[in-house]
Amino acid sequence: MDTVLFLALGLLAQIKSDKQQLGSVIYSIQGPGVDEEPRDVFSIDKFTGKVFLNAVLDREKTDRFRLRAFALDLGGSTLEEPTDLEIVVVDQNDNRPVFQQEVFTGRVLEGAIPGTYVTTAEATDADDPETDNAALRYSILEQGSPQLFSIDEHTGEIRTVQVGLDREVVAMYNLTLQVADMSGDGLTATASAIITVEDINDNAPVFTRDEFFMEATEAVSGVDVGRLEVEDGDLPGSPNWAARFTILEGDPDGQFAIRTDPKTNEGVLSVVKPLDYENCDQYDLRVVVQNEAPLQAVASKAERGQARVRVQVQDVNEAPVFQENPLRTSLAEGAAPGTPVAAFSAQDPDTQQLQRLSYSKDYDPEDWLQVDGATGWVQTQHVLSPASPFLKDGWYRAIILAYDDASPPCTATGTLSIEILEVNDHAPELSPPSGSLCSKPDQGSGLLLSAVDEDLPPHGAPFHFQLSPRFPELARNWSLSQINMSHARLRLRHQVQEGLHRLSLLLQDSGQPPQQREQPLNVTVCRCSQDGTCLPGAAALRTGGVGISMGALVIVLASVILLLLLALPVALLARFQQQSWDKGLLQGLQDDLRDNILNYDEQGGGEEDQDAYDISQLRHPTEVAALSTPLGRPPLRRDAPFGRARPPPPRVLPASPADIADFINDGLEAADSDLSVPPYDTALIYDYEGDGSVAGTLSSILSSLGDEDQDYSCLQDWGPRFAQLADLYGTPRGPE
1 MDTVLFLALG LLAQIKSDKQ QLGSVIYSIQ GPGVDEEPRD VFSIDKFTGK VFLNAVLDRE
61 KTDRFRLRAF ALDLGGSTLE EPTDLEIVVV DQNDNRPVFQ QEVFTGRVLE GAIPGTYVTT
121 AEATDADDPE TDNAALRYSI LEQGSPQLFS IDEHTGEIRT VQVGLDREVV AMYNLTLQVA
181 DMSGDGLTAT ASAIITVEDI NDNAPVFTRD EFFMEATEAV SGVDVGRLEV EDGDLPGSPN
241 WAARFTILEG DPDGQFAIRT DPKTNEGVLS VVKPLDYENC DQYDLRVVVQ NEAPLQAVAS
301 KAERGQARVR VQVQDVNEAP VFQENPLRTS LAEGAAPGTP VAAFSAQDPD TQQLQRLSYS
361 KDYDPEDWLQ VDGATGWVQT QHVLSPASPF LKDGWYRAII LAYDDASPPC TATGTLSIEI
421 LEVNDHAPEL SPPSGSLCSK PDQGSGLLLS AVDEDLPPHG APFHFQLSPR FPELARNWSL
481 SQINMSHARL RLRHQVQEGL HRLSLLLQDS GQPPQQREQP LNVTVCRCSQ DGTCLPGAAA
541 LRTGGVGISM GALVIVLASV ILLLLLALPV ALLARFQQQS WDKGLLQGLQ DDLRDNILNY
601 DEQGGGEEDQ DAYDISQLRH PTEVAALSTP LGRPPLRRDA PFGRARPPPP RVLPASPADI
661 ADFINDGLEA ADSDLSVPPY DTALIYDYEG DGSVAGTLSS ILSSLGDEDQ DYSCLQDWGP
721 RFAQLADLYG TPRGPE
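Heads up: the sequence shown begins at 1 in full-length UniProt numbering, then just goes up one per residue.
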């Protein structure tokens with residue numbers, strides 16, 4: 001099947017089969033543009049085989065169509081194999097080129113050399129790139145004067161073409177670009193290119209003046225004195241513009257500093273250390289200014305990169321100054337009133353002003369110190385108690401004020417810290433003062449002793465324990481061994497008698513000088529079990545061993561003596577009044593009663609009851625010592641349930657007043673353990689006085705139960721004082 005192309009309008013081609021004559025073949029086509037999208041673009045005459053174009057073609061949408069052509073006989077049978085029909089759409093320049101951006105941007109440093117790349121302009125054309133319809137060319141239509149930029153016509157790259165870029169002169173350039181197809185002769189399009197010139201540090205900062213004058217007040221810091229103005233042509237806010245100031249001369253002690261104001265780029269001069277007018281009244285500073293960024297080599301040398309700054313110091317009244325603050329000193333514990341502490345004086349820095357300093361206390365919680373108002377000399381005015389709550393870790397703190405006589409006055413505050421040095425003024429004390437030991441040395445672990453001392457280190461432990469040298473016989477039965485700095489252990493050397501034993505120990509501390517004290521120790525020796533504990537039967541012995549201290553005994557004796565002194569005048573007064581009453585009552589009747597009434601001075605069972613108790617137990621020890629003959633065996637109580645028990649032997653009298661407490665405790669223990677003495681609540685049985693006594697009995701036991709059997713007639717004979725009793729109880733007299 002042959003294909004014939006025609007150039008007539010609408011006719012694209014003609015299909016012709018060689019198998020049949022014209023008119024006996026039926027032609028058809030299939031494919032895109034016929035029965036596929038886009039439909040109805042092409043059609044064919046089924047008898048002649050001519051292919052027609054029915055619509056306008058757009059190469060940019062479909063650049064070619066591939067169809068299949070069929071040839072059939074009149075009966076519908078295939079005459080030939082289907083043939084391919086390819087229709088190529090020929091391009092026409094019907095599309096303008098288009099820039100990818102309406103505005104292109106670029107940046108370039110000022111002072112850039114020729115040929116420096118800036119940016120690239122890009123455009124596209126929808127026409128066939130294989131034809132001149134899409135052959136693009138770039139150009140710059142407008143850029144102002146001078147001509148500093150060029151564009152590559154094929155690539156669209158924009159570059160510098162000569163020197164002269166200066167941001168301080170022109171900071172931005174606006175170029176008009178053009179692109180054209182057909183190698184520059186066809187359709188065109190335009191766009192813009194904005195090029196920004198970036199800043200470099202090509203301008204050094206300069207002072208606006210060669211010399212600045214300022215004033216500053218002495219004795220203050222952290223204040224601003226003045227501002228240093230500078231100029232810089234570089235981009236404001238950039239490191240090329242930001243100024244940095246340095247003091248080259250005139251501030252050896254670093255009393256000034258200059259910081260940069262980020263908004264104005266000015267240098268702010270401030271005082272960072274207090275100035276002293278008396279030391280220096282004027283400062284002459286030399287200051288240099290630079291940028292934060294290094295200066296480029298192309299920059300010109302600054303004409304005013306340095307300036308002089310004169311600072312005049314103003315004199316003001318300054319507060320006194322303590323030479324040593326806080327002042328630390330030490331003082332011995334218990335220092336007497338008037339003891340010097342320290343000279344806490346201050347100096348007035350205003351040497352050119354004649355001023356007088358005064359001193360006073362601001363804080364002295366114990367009111368312990370006295371300050372001389374003119375000299376600042378500090379001394380004690382009473383003894384400081386070691387138990388003061390204001391002693392913190394052995395330190396006492398006071399605050400002293402020093403002020404001048406200016407108007408208004410200036411005040412300085414000084415802290416005086418006094419260390420109270422510990423003095424060894426207390427001897428160690430035994431703790432506890434009593435204990436128990438097993439009677440056999442091989443039983444138990446001994447008696448653990450400890451000591452306490454009111455003094456602080458180093459005047460306390462280690463303590464030294466030893467048996468009293470005044471009683472060398474103690475070492476025969478007892479041994480004392482040191483365990484550590486504050487404890488010792490007491491042991492028996494051999495078995496001793498059970499009961500209470502009183503030892504005397506000598507305790508010494510480690511102070512300088514050392515303090516020692518001889519103290520009693522009550523040790524109860526008891527029978528022990530296998531584990532070294534006292535058996536229950538020895539509890540009474542242990543209880544009896546608990547004594548009272550000498551101090552407590554003195555307090556008790558003093559209280560008894562005071563009560564006796566208060567009761568003695570009252571007793572004497574009552575006795576005197578009673579005697580006066582008895583004399584008035586019995587006057588004229590003594591002859592009748594002296595043979596019938598016996599006056600007893602002791603309250604016992606009568607004149608024959610002399611064996612109720614041992615009177616010697618109630619006598620004072622000195623009176624007992626005065627008895628030259630032994631008492632022998634005292635008579636036994638006949639009313640005691642164990643009257644046949646043998647009383648204990650007489651006790652040894654105390655050798656000194658310090659042993660009175662032990663003597664009393666021994667007496668109490670002997671009374672508790674004496675089986676011949678009944679308890680206090682036992683009814684006492686006294687001997688019968690007998691019959692036939694001249695005097696009548698005073699007891700009412702044998703009296704009648706009623707008052708009517710009594711004869712009160714004798715009351716009438718006792719005088720006027722008993723007249724009222726006689727009227728109440730006696731037989732009324734008849735009228736005379």
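Glycine included, each C-beta is placed from N, C-alpha and C at the ideal position.
Given 8 Å as the limit, is there contact between the region 333-351 and the region 369-387, that is, 3 or more CB pairs closer than that? The answer is yes - the region 369-387 touches the region 333-351, with three or more Cβ pairs under 8 Å.
For S60 and N54, I'd like the C-alpha separation in whole angstroms. Before going further, note that residue 60 is Glu rather than Ser in the sequence given. Whole-angstrom Cα-Cα distance: 18 Å.
Start and end of the alpha helix (DSSP H) containing N477? N477 -> alpha helix (DSSP H) spans L474 to N477.
Taking a contact to mean a Cβ-Cβ separation below 9 Å, would you say V206 touches V289 in this structure? Cβ atoms of V206 and V289: closer than 9 Å.
State buried or exposed for Y363, treating a residue as buried only when at least 16 other CB atoms are found within 10 Å of its CB. By the neighbour-count rule (16 or more Cβ atoms within 10 Å), Y363 is not buried but exposed.
Assess contact between the region 310-323 and the region 278-298, defined as three or more Cβ pairs (one per stretch) separated by less than 8 Å. Is contact present? Yes, the region 310-323 touches the region 278-298.
Throw me the rounded Cβ distance for the Q352 and D404 pair, which I believe falls under 8 Å. Not a contact, Cβ separation roughly 13 Å.
Helix, strand or coil at F722 [DSSP, three-state]: In the three-state scheme derived from DSSP, where H, G and I count as helix and E and B as strand, F722 is classed as helix.
Going by other Cβ atoms of all chains shown within 10 Å of its Cβ, with 16 needed for buried, is A343 buried or exposed? Per the 10 Å Cβ criterion, exposed.
Counting pairs of beta carbons, one from the region 263-279 and one from the region 169-177, are three or more of them closer than 8 Å? In this structure the region 263-279 does not touch the region 169-177; the number of beta carbon pairs closer than 8 Å is below three.
Along the chain, where does the beta strand (DSSP E) containing N522 start, and where does it finish? Residues Q516 to C526.
Can you grab the Cα-Cα spacing for the pair L564 / G667, in whole Å? Rounded to whole angstroms, L564 to G667 spans 22 Å at the Cα level.
By how many angstroms is the C-alpha of S270 removed from the C-alpha of V223? Rounded to whole angstroms, the separation of the alpha carbons of S270 and V223 is 5 Å.
Going by CA-CA distance only, name the one from K46, V25 and V161 that's closest to S77. When each option's Cα is compared against that of S77, the closest is V25.
Validate contact between the region 450-468 and the region 501-517 using beta carbons, cut 8 Å, 3 pairs: Touching, yes, given that three or more Cβ pairs across the two stretches are closer than 8 Å.
Using the Cβ count rule (16 or more neighbours within 10 Å means buried), how would you classify T246? Exposed, since its Cβ has fewer than 16 Cβ neighbours within 10 Å.
What residue range does the beta strand (DSSP E) around V179 cover? Going by DSSP, V179 is part of the beta strand (DSSP E) stretching over M172 to A180.
Would you identify the three-state DSSP class for V288, choosing helix, strand or coil? Strand.
With a 10 Å radius around its C-beta and 16 neighbouring C-beta atoms as the bar for buried, classify F465 as buried or exposed. Taking all protein chains shown into account, F465 has 16 or more neighbouring C-beta atoms within 10 Å of its C-beta and is therefore buried.
The beta strand (DSSP E) spanning T260 covers which residue range? For T260, the enclosing beta strand (DSSP E) has its first and last residue at F256 to T260.
Using 8 Å as the threshold, is the region 227-241 in touch with the region 184-197, meaning 3 or more CB pairs across them? The region 227-241 is not in contact with the region 184-197.
Between T264 and the rest of its own chain, which residues show a CB-CB distance below 7 Å, the 5 nearest in sequence each way excluded? Sequence-distant partners of T264 (beyond 5 residues in either direction) whose C-beta falls short of 7 Å from its own C-beta are missing from its chain.
A398 Cβ short of 8 Å to the ligand NAD heavy atom set: Summarising the ligand content, the structure contains no ligands, and the ligand NAD is consequently not present.
Out of F663, F65 and P408, state which residue places its alpha-carbon closest to the alpha-carbon of P38. Ranking F663, F65 and P408 by Cα distance to P38 puts F65 first.
Residue range of the unbroken beta strand (DSSP E) whose run includes H382: Run containing H382: none; DSSP gives neither H nor E here.
Could you round the C-beta distance between T116 and T160 to whole angstroms and report it? I think they count as a contact, below 8 Å. The beta carbons of T116 and T160 sit about 5 Å from each other, so the pair counts as a contact at 8 Å.
Can you find at least 3 beta carbon pairs, one from the region 321-333 and one from the region 413-424, that sit closer than 8 Å? Three or more pairs of CB atoms, one per stretch, sit closer than 8 Å, so the region 321-333 contacts the region 413-424.
Count the other CB atoms within 10 Å of the CB of K50; is the residue buried (16 or more) or exposed (fewer)? Burial of K50 is indicated by the presence of at least 16 other C-beta atoms within 10 angstroms of its C-beta.
Measure the Cβ-Cβ separation of E266 and E229 and say whether it is below 9 Å. A contact, by the Cβ cut-off of 9 Å.
What's the call for N291, buried or exposed, on a 16-neighbour Cβ count within 10 Å? The residue is buried, with at least 16 neighbouring Cβ atoms inside 10 Å.
Could you have a look at F663 and say whether DSSP puts it in helix, strand or coil? In the displayed model, F663 falls within a helix according to three-state DSSP.
Inter-residue Cα distance where the pair is D125 and G156: Their backbone Cα atoms lie some 14 Å apart in a straight line.
Residues of its chain near P294, where Cβ-Cβ distance is below 7 Å and the 5 sequence neighbours each way are ignored: Counting only Cβ-Cβ distances below 7 Å, and skipping sequence neighbours, we find N201.
Is it right to say S436 is buried, meaning 16 or more other beta carbons lie within 10 angstroms of its own, or is it exposed? With 16 or more Cβ atoms within 10 Å of its Cβ, S436 is classed as buried.
For R227, which residues of its own chain have a beta-carbon under 6 Å away from its beta-carbon, when the five flanking residues on both sides are left out? Beyond the five residues adjoining it in sequence on each side, R227 comes within less than 6 Å, by CB distance, of E266 and V268 in the same chain, given in chain order.
Would you check if the distance between the CB atom of R68 and the CB atom of T83 is smaller than 9 Å? In this structure, T83 lies closer than 9 Å to R68 by Cβ.
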